[in-house]
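**Q** There's a structure below that I have some questions on.
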Amino acid sequence: MVRPTTPKHASNAEVSTSMLLLLLLLFFPSFAMPVSAAPCSEPVKPTAPLVSFLQRLQSAAFATLGPDGFDPKLYVDIPLKTDLAATEEAFARLPRPGGVIPVSDLERFLGDYFGKAGSDLVHAEPADFVAEPEGFLPKVENPKVRAWALEVHSLWKNLSRRVSDEVRERPEQHTLLPLPWPVVVPGSRFREVYYWDSYWIIRGLLASKMYDTAKSIVNNLISLIEIYGYVLNGARTHYSNRSQPPLLSSMVFEIYMRTGDLAFVKKSLPSLLKEHSFWNSAIHKVIIQDLQGCKHSVSHYYAMWNKPRPESATIDEESASNLTTASQKENFYRQVASTAESGWDFSSRWMSNSSDLTTLATTSIIPVDLNAFIYKMELDIAFFAKLIGDNSTSEKFLAASKARQAAIKSIFWNSEMEQWLDYWLISKSNCEEVYQWEAHYQNRNIFASNFIPLWIETYNTDLCKDGTMVEKVLKSLQSSGLLHVAGIATSLSNTGQQWDFPNGWAPLQHMIVEGLTKSGSKEAKSVAEDIAIRWIRTNYAAYMKTGAMHEKYDVEACGKIGGGGEYKPQTGFGWSNGVVLAFLEEFGWPRDREIECQ
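As structure tokens, this is what we get:
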């Protein structure tokens, strides 16, 4: 991490301490897992007996089949055909010459006792799907682009599911949660609903005029809040130890703006209040005092887990194999799960040494985008409460949003770089009540997340008050090195992690493009449209080559699919479909503009 020198106002003792910390950070990367403030108790949420067994099965299958093409997630997705006790007994009886189950015996056992992964989610034709909805993408004039957009629109049928009756009747035999309404899944190995994916899926569904399907997704997420108090990372039991970037209020907002459904807002508001409490609870809340002495409450990711992720246990265990103590491994596993909560799993953004995954320090990082999302949540709740006549709640959350806005400006804004930067917590104490802000703990590396506050509409209003502010942020983006021929890179570091260079992801393109578009600057809107055009072209080119929409793309070349990470590149793909449709709805495509890579 690049950090500036110690501030001039620091005392000699402070300078010595700061210099020691900086030297340790530079020469001993494992030290650079700073200690997080809030959760001294380090909570762990228990998992279900079925998940524990499936994790043992996953480990045994890995020993039998080896690493080539092995997907550990498969083994926690498969449903039982009979009760767990009988299955465990049969598993214990399997022969193990040399400690390894023979392939034929393993395959026979899986066939006898388990259904196929994904068989407990059945196809569900969305009732509001129309092959070509009235008023669909009116600005798309080019016939090639329109034909392709209709194909992308038709993918909603392929990705629509409902939970099978067996899950409701025998939930103990499934890791899948019995969601009450139909769902739209991302695709491929991601067979279940995921939290933050759902926002961009909904943006696409709204462009497709599928308002009821969009509402059903939100209703499912609300049902999780009613049970757990927060939205889970995904709709499986083993995801109950973490959430994902909190975008539920944004989903409700977008649906309301299209439908005017006040009853939907009224139904959603109590759950949004619960979610806000979750993200401001002890494990997620950190207090930082700025240079003016003002104390700011901000939030960070913190999973309630310190073991290998069940869906990736064999991978996590291998990653932790060089750690020597139980406490080191527990800390690493919590960092891994907390990174999964961020949605950016994995990235150099969360690592003190970008070549060593064991230096993940996610719980000790205050992410600018998370706090922007919570700021947006507070604005949304204030808006919704006012809509239904609850002025007291509206005023409370308007005040909370102003406090969060001040925190974003004070803690994250860097006037030299004209970007918002993540803040790292460095402390000698395990449980520091108030952190003192120091400039050199801002992460000066460049990530697409440094520009996410642009997405918040109120920020755009504030930026416009100073006529040069939008111009400065725009120039910072243009000179950042993130803009490429096929979109916005996630970072500048090519680490092999999937949330790093050269990958571009649909959510990041969308938030930055939408923020620039709403900024009030003609130049910013022009840059936004150019980015959107590049992104649409790369999606189109890849689709024409492969017949599929992809999870991520390589921004260095038009039509190139992204790679890296701990699993094979996936197709489907919910949020990529949603962002393409949202961009085409916003910007259209003139008849005479070429769609092929230029």
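Numbering (mature numbering (1 follows the signal peptide of the UniProt record, and there is no 0)), first residue to last: -37 to -1, 1 to 561. Glycine residues also receive a C-beta, built at the ideal position from the N, C-alpha and C atoms.
1. Could you confirm whether any beta carbon from chain C is found closer than 8 Å to the beta carbon of Pro532?
2. Tell me, to the nearest whole angstrom, how far the beta carbon of Leu544 is from that of Ala170; I am working on the premise that it is less than 8 Å.
3. Excluding sequence positions up to five away, which residues of its chain have a Cβ less than 6 Å from the Cβ of Thr222?
4. Would you kindly report the start and end of the unbroken beta strand (DSSP E) that includes Gln252?
5. Please confirm if the region 60 to 70 is in contact with the region 24 to 31, defined as three or more CB-CB distances below 8 Å between the two stretches.
6. DSSP on Met220, reduced to helix/strand/coil?
7. Buried or exposed: which applies to Ser484, given that a residue is buried once 16 or more other Cβ atoms fall within 10 Å of its Cβ?
8. Along the alpha helix (DSSP H) that carries Arg109, what are the first and last residues, could you check?
9. Who are the near neighbours of Phe16 in its chain, counting only those whose CB is closer than 8 Å to its CB and skipping five residues on each side?
10. What does DSSP give as the partner residue(s) for Gly192 in the beta ladder?
11. Name, in chain order, the residues that DSSP records as bridge partners for Val147.
12. Just checking, does the region 228 to 237 make contact with the region 179 to 197 on the three C-beta pairs under 8 Å criterion?
13. Taking Thr277 and Ser301 to be in contact with their CB atoms under 8 Å, please state how far apart those CB atoms are, rounded to whole angstroms.
14. Out of Lys248, Thr501, Val228, Ser482, which one is the CA nearest neighbour of Ile351?
15. In terms of residue numbering, what span does the alpha helix (DSSP H) encompassing Gly478 cover?
16. Would you kindly report the start and end of the unbroken beta strand (DSSP E) that includes Tyr516?
17. What is the C-beta distance between residue 570 and Gly535, in whole angstroms, given that I count them as a contact (C-beta under 8 Å)?
18. What are the partner residues of Ile524, as DSSP defines its beta bridges?
19. Return the CA-CA distance between Gly527 and His86, expressed in angstroms with no decimal places.
20. Let me check understanding here. Comparing Cα to Cα, which of Leu140, Trp119, Leu122 lies closest to Glu129?
21. Kindly list the residues whose CB is nearer than 7 Å to the CB of Ser539, restricted to its own chain and excluding five residues on each side of it in sequence; keep chain order.
22. Is Arg272 helix, strand or coil when you go by DSSP?
23. Use the C-beta contact count for Gln460: other C-beta atoms within 10 angstroms, 16 or more gives buried, fewer gives exposed.
24. Please go through the same chain and pick out, in chain order, the residues whose beta-carbon is closer than 7 Å to the beta-carbon of Gly78, but skip the five residues on each side of it.
25. Using the C-alpha atoms, what's the distance from Gly81 back to Met432?
26. With 16 as the cutoff for other CB atoms within 10 Å, does Lys523 come out buried or exposed?
27. Helix, strand or coil: how does DSSP classify Asn457 here?
28. Quick one: using the 10 Å Cβ neighbour count with 16 as the cut-off for buried, is Ala1 buried or exposed?
29. Cutting at 7 Å between CB atoms, please list the residues of its own chain near Pro(-4), excluding the five before and the five after it.
30. Going by DSSP, name the residue or residues bridged to Gln18.
31. Would Thr322 be called buried (16 or more neighbouring beta carbons within 10 Å of its own) or exposed?
32. Assign Val93 to one of two classes, buried (16 or more other C-beta atoms within 10 Å of its C-beta) or exposed (fewer than that).
33. For the structure I just gave you, are there three or more beta carbon pairs, one from the region 339 to 348 and one from the region 195 to 214, closer than 8 Å?
34. For the alpha helix (DSSP H) containing Val436, list its first residue and its last residue.
35. Please go through the region 7 to 71 and give each complete alpha helix (DSSP H) segment of 4 or more residues, from N-terminal end onward.
36. Let me know the secondary structure DSSP gives Tyr174 once reduced to three states.
**A** On the basis of the coordinates in this document:
1. In the structure shown, chain C does not exist; there is a single protein chain.
2. Taking the sequence shown and counting its residues from 1, the one referred to as residue 544 is at position 581. Taking the sequence shown and counting its residues from 1, the one referred to as residue 170 is at position 207. Yes, they are in contact, since the Cβ atoms of Leu544 and Ala170 sit about 4 Å apart, within 8 Å.
3. Taking the first residue of the sequence shown as position 1, residue 222 is located at position 259. Counting only Cβ-Cβ distances below 6 Å, and skipping sequence neighbours, we find Tyr174.
4. Within the sequence shown, residue 252 is the residue found at index 289, counting from 1. 248 to 252 is the extent of the beta strand (DSSP E) around Gln252.
5. yes
6. Stepping through the sequence shown from its first residue, residue 220 is reached at position 257. Helix at Met220.
7. As a first step, residue 484 must be located in the sequence shown, where it is residue number 521. So Ser484 counts as buried.
8. Counted from its first residue, the sequence shown places residue 109 at position 146. Looking at the DSSP string, the run of the alpha helix (DSSP H) that includes Arg109 is 106 to 122.
9. One-based indexing of the sequence shown puts residue 16 at position 53. Once the five neighbours on either side are set aside, the close Cβ partners of Phe16 are Leu47, Thr50, Glu51, Phe54.
10. Here residue 192 refers to the residue found at position 229 when the sequence shown is read from its first residue. Note: Gly192 sits in no beta bridge, so no partner.
11. Here residue 147 is taken as the residue at index 184 of the sequence shown, counted from 1. Ser123, per the DSSP bridge assignment.
12. yes
13. Taking the first residue of the sequence shown as position 1, residue 277 is located at position 314. Taking the first residue of the sequence shown as position 1, residue 301 is located at position 338. Not quite, the Cβ-Cβ distance comes to about 20 Å (not below 8 Å), so this is no contact.
14. To locate residue 351, count along the sequence shown from 1; it is residue 388. It is Val228 whose Cα lies nearest to the Cα of Ile351.
15. In the sequence shown, residue 478 corresponds to position 515, counting from 1. Its alpha helix (DSSP H) spans residues 469 to 480.
16. In the sequence shown, the residue the question calls residue 516 occupies position 553. Residues 515 to 517.
17. No statement about residue 570 is possible, as the shown extent of the chain runs from -37 to 561 and does not include it.
18. Along the sequence shown, one-based indexing puts residue 524 at 561. According to DSSP, Ile524 bridges with Tyr516.
19. Residue numbering aside, residue 527 sits at position 564 when the sequence shown is read from its first letter. Residue numbering aside, residue 86 sits at position 123 when the sequence shown is read from its first letter. Answer to the nearest angstrom: the Cα atoms are 30 Å apart.
20. Indexing the sequence shown from 1 puts residue 129 at position 166. Residue Leu140 is the option with its Cα nearest to Glu129.
21. Working through the sequence shown from its first residue, we reach residue 539 at position 576. Closer than 7 Å at Cβ, skipping near neighbours: Ala469, Asn502, Met512, His513, Glu514.
22. The residue you call residue 272 lines up with position 309 of the sequence shown. Coil at Arg272, not helix or strand.
23. On the sequence shown, residue 460 is found 497 positions in, with the first residue counted as 1. Label assigned to Gln460: buried.
24. Translated into positions along the sequence shown, residue 78 becomes position 115. Ile41, Pro42, Lys44.
25. Counting from one through the sequence shown, the residue named residue 432 turns up at place 469. Counting from one through the sequence shown, the residue named residue 81 turns up at place 118. Distance between the alpha carbons of Met432 and Gly81 is about 49 Å.
26. The residue given as residue 523 occupies position 560 in the sequence shown. Lys523 comes out buried.
27. Taking the first residue of the sequence shown as position 1, residue 457 is located at position 494. In this structure, Asn457 counts as coil in the three-state DSSP scheme.
28. Within the sequence shown, residue 1 is the residue found at index 38, counting from 1. Note that Ala1 has pLDDT 43, beneath the 50 cutoff, so the model's placement of it is unreliable and the number below is only indicative. With 16 or more Cβ atoms within 10 Å of its Cβ, Ala1 is classed as buried.
29. For the purposes of this step, residue -4 is taken as the residue at position 34 of the sequence shown. With a pLDDT of only 41 at Pro(-4), under the threshold of 50, the placement of this residue in the model should not be trusted; the figure read from the coordinates follows. Answer for Pro(-4): Ala324, Ser327, Trp387, Leu388, Ile389, Ser390, listed in chain order.
30. As a first step, residue 18 is located in the sequence shown; it is residue number 55 there, counting from the start. In the DSSP output, where bridge partners are listed per residue, Gln18 has none listed.
31. Within the sequence shown, numbered from 1, the residue matching residue 322 stands at position 359. Thr322 comes out buried.
32. As a working mapping, residue 93 is identified with position 130 in the sequence shown. Counting Cβ neighbours within 10 Å, Val93 comes out exposed, since fewer than 16 surround it.
33. yes
34. Here residue 436 refers to the residue found at position 473 of the sequence shown. 432 to 441 is the extent of the alpha helix (DSSP H) around Val436.
35. 12 to 28, 37 to 40, 47 to 55
36. To locate residue 174, count along the sequence shown from 1; it is residue 211. Three-state DSSP puts Tyr174 in a helix.
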